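Counted from 1, the sequence shown has number 160 at position 8 by this note's numbering; the numbering is strictly sequential. Beneath this line is the structure, given in structure tokens, with notes to follow.
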Amino acid sequence: QVQLVESGGGLVQPGGSLRLSCAASGTFFSIYTMAWYRQAPGKQRELVATVTTNSNTNYADSVKGRFTISRDNAKNTVYLQMNNLKPEDTAVYYCNARKIGYEAWGQGTQVTVSS
Numbered sequence: 153q154v155q156l157v158e159s160g161g162g163l164v165q166p167g168g169s170l171r172l173s174c175a176a177s178g179t180f181f182s183i184y185t186m187a188w189y190r191q192a193p194g195k196q197r198e199l200v201a202t203v204t205t206n207s208n209t210n211y212a213d214s215v216k217g218r219f220t221i222s223r224d225n226a227k228n229t230v231y232l233q234m235n236n237l238k239p240e241d242t243a244v245y246y247c248n249a250r251k252i253g254y255e256a257w258g259q260g261t262q263v264t265v266s267s
């Protein structure tokens, strides 16, 4: 079992940056594939980025070149560095951990991009 707590959201102007963190408690963090999802008002939750157990990464086309996902297994933490933010990035961002037969979600953190 793993519990996830996100932090780092907030209000930022277009073109600005934020770094989200997701701290995991529990055991064996390194065996989980970690991901960030987001959900904007009135829209379905969408996958933003994934980092596997061996640190391979994958991104949604809408964030490629702007967002970077990374993990620090020693700190049981996954990060999402978001640069050149756009108003359409406004959403609640959720951390996700998964392995075969198990999945966990954080409570979400709000990111608002507005001038």
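Ideal placement from N, C-alpha and C gives every residue a C-beta, glycine not left out. Computed from a prediction, not measured in an experiment: that's the story for all the values here.
Buried versus exposed, by CB contacts within 10 Å (16 or more), residue i
i, result
"A243", "buried"
"N206", "exposed"
"T202", "buried"
Residues near residue i by beta carbon distance below 6 Å, same chain, minus five either side
i, result
"S177", "Q155"
"Q233", "R171, T220"
"K227", "none"
Neighbourhood of residue i by C-beta, 8 Å cutoff - its chain only, sequence neighbours within 5 removed
i, result
"N225", "F181, S182"
Reduced DSSP secondary structure (H/G/I, E/B, other) of residue i
i, result
"S182", "helix"
"D224", "strand"
Closest by C-alpha distance to residue i, when choosing among the options
i, options, result
"A192", "D241, V230, L163, F219", "D241"
"L311", "I252, W257, K251, Y231", "Not covered by the structure: residue 311. The range shown for the chain is 153 to 267."
"E158", "Q165, T179, R190", "R190"
Nearest-angstrom Cα separation, counted from residue j out to residue i
i, j, result
"T209", "N235", "17 Å"
"A175", "N248", "11 Å"
"R250", "S267", "36 Å"
"A212", "Q153", "27 Å"
"R288", "T229", "One cannot answer for residue 288 here, as it falls past the ends of the chain, which runs 153 to 267."
"L237", "G162", "12 Å"
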